[in-house]
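Numbering (the working numbering), first residue to last: 1 to 187.
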């Protein structure tokens with residue numbers, strides 16, 4: 001979701017739970033985020049405010065939520081992470097690297113300040129943001145980076161083709177129990 005003319009931002013969250021209650025709570029979180037973004041205040045303030053609202057149980061009384069906020073500016077990626085899988089970058093020479101930088105789940109402590117992480121994008125070809133269901137549904141090995149490497153498309157014509165092929169390669173058989181999964185590919 002574009003935030004202003006100077007950078008682009010992406011917000012990916014994951015509600016723990018299923019069914020109507022989780023859906024309603026996800027809409028509450030989305031509304032909170034949309035309203036906060038309209039204020040123009042820094043992202044760090046949004047995460048602190050959302051954390052406080054969840055801690056006081058003003059939102060999502062029966063569920064937990066993870067969230068990653070990622071924005072790109074001046075050839076750098078910045079992110080805030082609340083219990084979410086950290087971003088993965090695919091470097092132009094083919095290396096796959098999971099970035100370090102995560103924080104606790106939202107709502108566990110009223111006074112937590114989330115760290116703003118950053119990385120240069122000089123050699124980055126693709127950035128992957130995903131929910132834990134994307135890896136848990138498909139991967140049996142505990143080494144997620146190794147498993148992601150097995151499904152990365154090697155020959156593709158465009159960034160869009162890469163994203164579609166990666167999603168297709170990550171799908172599981174219908175007989176397996178699956179968690180909901182989301183994947184954002186930033187080219």
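By construction, the Cβ of each residue, glycine as well, lies at the ideal position given by its N, Cα and C atoms.
For residue i, count neighbouring C-beta atoms within 10 Å of its own C-beta (all shown protein chains included) and say buried if the count is 16 or more, exposed if not.
{"i": "residue 138", "result": "buried"}
{"i": "residue 93", "result": "exposed"}
{"i": "residue 172", "result": "exposed"}
{"i": "residue 107", "result": "buried"}
{"i": "residue 91", "result": "exposed"}
{"i": "residue 18", "result": "exposed"}
{"i": "residue 115", "result": "exposed"}
Hey, how far is the Cα of residue i from the Cα of residue j?
{"i": "residue 69", "j": "residue 157", "result": "29 Å"}
{"i": "residue 132", "j": "residue 85", "result": "6 Å"}
{"i": "residue 135", "j": "residue 40", "result": "33 Å"}
{"i": "residue 54", "j": "residue 20", "result": "19 Å"}
{"i": "residue 87", "j": "residue 130", "result": "8 Å"}
{"i": "residue 9", "j": "residue 96", "result": "22 Å"}
{"i": "residue 183", "j": "residue 128", "result": "7 Å"}
{"i": "residue 29", "j": "residue 179", "result": "20 Å"}
{"i": "residue 43", "j": "residue 122", "result": "24 Å"}
{"i": "residue 2", "j": "residue 117", "result": "The predicted position of residue 2 is uncertain, since its pLDDT is 38 and thus under 50; a value taken from the coordinates is nonetheless stated next. Cα to Cα, residue 2 sits roughly 19 Å from residue 117."}
Using DSSP bridges, identify the partner residues of residue i.
{"i": "residue 184", "result": "129"}
Mind reading off the beta-carbon distance from residue i to residue j? Whole number of angstroms is fine, and I expect it under 8 Å.
{"i": "residue 47", "j": "residue 80", "result": "5 Å"}
{"i": "residue 105", "j": "residue 166", "result": "27 Å between Cβ atoms; not a contact."}
Which residue marks the beginning of the alpha helix (DSSP H) containing residue i, and which one marks its end?
{"i": "residue 108", "result": "No alpha helix (DSSP H) contains residue 108, which DSSP labels as neither H nor E."}
Could you pull the start and end residues of the beta strand (DSSP E) that residue i belongs to?
{"i": "residue 78", "result": "76 to 82"}
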